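To convert a position in the sequence shown, counted from 1, into my numbering, add 44.
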Amino acid sequence: MGRLERLIRTAPLILLLTLSGYESSAAQGPPATTPIPTAKGPIPVTAESYPLMASAKLQTLVDLPAAGYVEEEFFITGRANVYDWGTDGRLSVKTGGAPYTTRILLRRPASPQRFSGNVIVEIANAARRFDFNFVWGVSHDYLMDNGDAFVVVTIAQANLDGLKAFDAARYAPLSMANPTPDEACAAPGRAGGAPQASPFEEGLQWDILSQLGALLKAPTAGGPMAGFTVQRVYMTAYDGVLATYMAAIHPNARVAGGRPIYDGYIQHRHPALARIRRCAPAPAADDPRQTLRNLDVPLIRIVPETDVLTLYRFRREDSDAPNDRYRLYEVAGGAHADGAFYPYQPSVADLKKIGSAYPYLASWPFHNQCEPEMLLMKTPINTYVLDAAFSNLTRWIRDGVAPPKAPRISVENGGTPNASFVRDQFGNVVGGVRTPYLDIPIATYYTTTKGETFCPELGRVEPFGWARLARVHGTPQNYVSKVTQSVDRMVRERWLTESDGRKIKAEAAAVAGERN
Numbered sequence: 045m046g047r048l049e050r051l052i053r054t055a056p057l058i059l060l061l062t063l064s065g066y067e068s069s070a071a072q073g074p075p076a077t078t079p080i081p082t083a084k085g086p087i088p089v090t091a092e093s094y095p096l097m098a099s100a101k102l103q104t105l106v107d108l109p110a111a112g113y114v115e116e117e118f119f120i121t122g123r124a125n126v127y128d129w130g131t132d133g134r135l136s137v138k139t140g141g142a143p144y145t146t147r148i149l150l151r152r153p154a155s156p157q158r159f160s161g162n163v164i165v166e167i168a169n170a171a172r173r174f175d176f177n178f179v180w181g182v183s184h185d186y187l188m189d190n191g192d193a194f195v196v197v198t199i200a201q202a203n204l205d206g207l208k209a210f211d212a213a214r215y216a217p218l219s220m221a222n223p224t225p226d227e228a229c230a231a232p233g234r235a236g237g238a239p240q241a242s243p244f245e246e247g248l249q250w251d252i253l254s255q256l257g258a259l260l261k262a263p264t265a266g267g268p269m270a271g272f273t274v275q276r277v278y279m280t281a282y283d284g285v286l287a288t289y290m291a292a293i294h295p296n297a298r299v300a301g302g303r304p305i306y307d308g309y310i311q312h313r314h315p316a317l318a319r320i321r322r323c324a325p326a327p328a329a330d331d332p333r334q335t336l337r338n339l340d341v342p343l344i345r346i347v348p349e350t351d352v353l354t355l356y357r358f359r360r361e362d363s364d365a366p367n368d369r370y371r372l373y374e375v376a377g378g379a380h381a382d383g384a385f386y387p388y389q390p391s392v393a394d395l396k397k398i399g400s401a402y403p404y405l406a407s408w409p410f411h412n413q414c415e416p417e418m419l420l421m422k423t424p425i426n427t428y429v430l431d432a433a434f435s436n437l438t439r440w441i442r443d444g445v446a447p448p449k450a451p452r453i454s455v456e457n458g459g460t461p462n463a464s465f466v467r468d469q470f471g472n473v474v475g476g477v478r479t480p481y482l483d484i485p486i487a488t489y490y491t492t493t494k495g496e497t498f499c500p501e502l503g504r505v506e507p508f509g510w511a512r513l514a515r516v517h518g519t520p521q522n523y524v525s526k527v528t529q530s531v532d533r534m535v536r537e538r539w540l541t542e543s544d545g546r547k548i549k550a551e552a553a554a555v556a557g558e559r560n
């Protein structure tokens with residue numbers, strides 16, 4: 045076929061794509077500089093219309109004004125590409141210029157003078173089909189004490205649908221429509237099933253995340269951080285999307301001058317790669333792209349004890365190389381889910397507006413009990429490890445001071461069906477990132493529980509009796525002294541922040557007071 049004939053035959057398609065707002069993308073790569081989207085907001089708040097996940101409407105309220113913070117909702121509008129990602133790591137545009145509008149919820153210091161220069165972007169978790177910000181729930185006290193700004197972004201269609209069910213009028217402008225809605229493929233989790241078309245394309249999420257980061261860094265009048273000097277933007281998630289973003293998108297997500305949009309990452313669990321778009325297969329378990337290297341910004345990956353065995357194959361060595369700054373923190377005594385996550389979810393009344401048939405109470409947000417019946421673990425092991433990780437990430441980026449390295453949790457027969465933890469005389473695991481709760485124990489920490497659905501992901505605490513406490517620690521005063529020494533050492537070694545260290549000392553004094 046001659047060049048003229050090819051042009052004649054393809055002209056109608058090119059015209060159709062142009063008229064519909066989408067761009068022809070043959071052999072096209074991502075843009076050299078990430079476009080900056082527009083922001084509308086703050087979206088007005090009334091008694092009848094307010095953001096889902098507003099801090100004053102959570103099951104456990106967060107008093108932002110008392111902390112000198114404000115909360116604002118913005119709608120972010122732009123055009124996103126849908127990509128293909130080759131096994132050689134190359135990114136190419138499949139469909140270009142698809143319009144989107146999503147929302148962010150911003151919590152920031154009211155005064156620029158209190159701002160640390162850090163903005164943390166959390167991908168809203170979609171496990172329950174409504175926006176859920178786990179990281180904010182776990183570490184909001186530290187983030188506000190530090191003066192950080194915090195952004196939660198909606199990128200999942202299920203969550204967008206939840207927003208519209210919650211307040212159809214408020215969230216009417218939101219859209220993440222599929223630019224190729226007639227393309228059919230197997231539905232997620234239904235390999236081999238009949239191909240299906242979808243009005244939603246999850247592949248839009250990558251450019252949404254990049255463009256949001258670019259917007260937060262830009263001194264744009266009317267932007268979410270207008271009037272604030274943003275020095276660093278981090279991304280974090282309790283979600284599998286982050287792994288693919290770092291591996292496929294980050295190398296191509298740049299602001300003017302070629303600098304990366306995101307200056308560092310904290311990843312929780314979920315190291316396996318997600319698919320790049322709806323009709324692309326997820327990378328196989330043995331795909332070399334599953335091992336993330338050559339990232340030009342620091343990454344701290346946090347894996348709670350619950351998940352160490354199942355994620356064993358993703359273990360790798362720590363590194364201080366300039367293009368591979370990496371830490372893996374396996375958290376001894378840390379549960380996949382604990383009592384810090386769920387108090388900061390929408391109120392029961394707001395969940396009913398979404399259409400949830402179950403109230404998801406913060407005290408026990410599950411349909412069934414476990415064996416034995418239990419409450420969620422309240423010991424803030426995950427919280428304190430995450431707080432220190434944020435502090436260390438900033439020092440790594442700002443000052444060039446590398447975080448401490450931790451041994452891995454001790455495992456026998458790792459990577460096999462017979463894998464198990466090595467445990468100490470108290471029944472707690474050996475190795476990993478330690479806290480005084482594990483090194484000066486007053487309980488055994490179980491990070492998985494018998495039962496259905498969520499039970500294997502839940503931790504519980506089995507306290508020692510008074511007689512055992514006396515055998516292990518002697519007098520209450522001796523116990524407090526041991527905890528104090530442990531805390532002081534961990535603060536010096538940067539495993540604990542000073543603020544969290546004071547909290548642990550106060551807890552130890554309270555335990556000793558009960559014994560007296």
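All C-beta atoms in this analysis are idealised placements derived from N, C-alpha and C, irrespective of residue type, glycine included.
This one's a predicted model, so the numbers in the text were calculated from it and none came from an experiment.
Here the alpha carbon of ALA281 sits roughly 15 angstroms from the alpha carbon of PRO342.
Rounded to whole angstroms, the gap between the alpha carbons of ASP107 and PRO225 is 43 angstroms. Per DSSP, SER136 lies in no alpha helix (DSSP H) segment; the continuous beta strand (DSSP E) that holds it begins and ends at 135–153. In the structure shown, PHE498 adopts coil according to DSSP, grouped into three states. The three-state reading of DSSP puts LYS84 in strand, counting E and B together. Measuring C-alpha to C-alpha distances from GLY378 to each of ARG276, PRO448, THR492 and GLY73 identifies THR492 as the nearest. If you compare the alpha carbons of GLU117, THR121 and VAL89 with that of ILE80, the shortest gap goes to THR121. Here GLU415 carries a strand assignment [DSSP, helix/strand/coil]. In the DSSP annotation of this structure, the continuous segment of the beta strand (DSSP E) that includes SER363 starts and ends at 363–365. Taking ALA171 as reference, the option from ASN472, THR479, TYR113 and HIS314 with the minimal CA-CA separation is HIS314. Judged by DSSP secondary structure, HIS184 falls outside any beta strand (DSSP E) and instead within the alpha helix (DSSP H) spanning 178–190.
Relative to the Cα of LYS397, the nearest Cα in the group THR423, SER254, GLY206 and ARG345 belongs to GLY206.
ALA406 is the residue among ALA406, VAL277, ALA241 and ARG152 whose C-alpha sits nearest the C-alpha of LEU105.
In the DSSP secondary-structure assignment, ALA281 is bridged to GLN311. About 5 angstroms separates the CB atoms of ALA154 and VAL114; that is less than 8 angstroms, so the two are in contact. In the three-state reduction of the DSSP assignment, GLY476 falls in the coil class. It is roughly 7 angstroms from the alpha-carbon of PRO217 to the alpha-carbon of THR145. The DSSP-derived three-state label of GLU227 is coil. For ARG371, the enclosing beta strand (DSSP E) stretches over residues 368–375.
It is roughly 16 angstroms from the alpha-carbon of ASN338 to the alpha-carbon of LEU372.
Listed in chain order, the non-local C-beta contacts of PHE272 below 6 angstroms within the same chain comprise PRO156 and PHE159, local neighbours out to five positions each way being set aside.
Close CB contacts of PRO507 within its chain, under the 6 angstroms cut and outside five residues either way in sequence, are with ALA487 (chain order). Sequence-distant partners of MET188 (beyond 5 residues in either direction) whose C-beta falls short of 7 angstroms from its own C-beta, in its chain, are ALA111 and TYR113.
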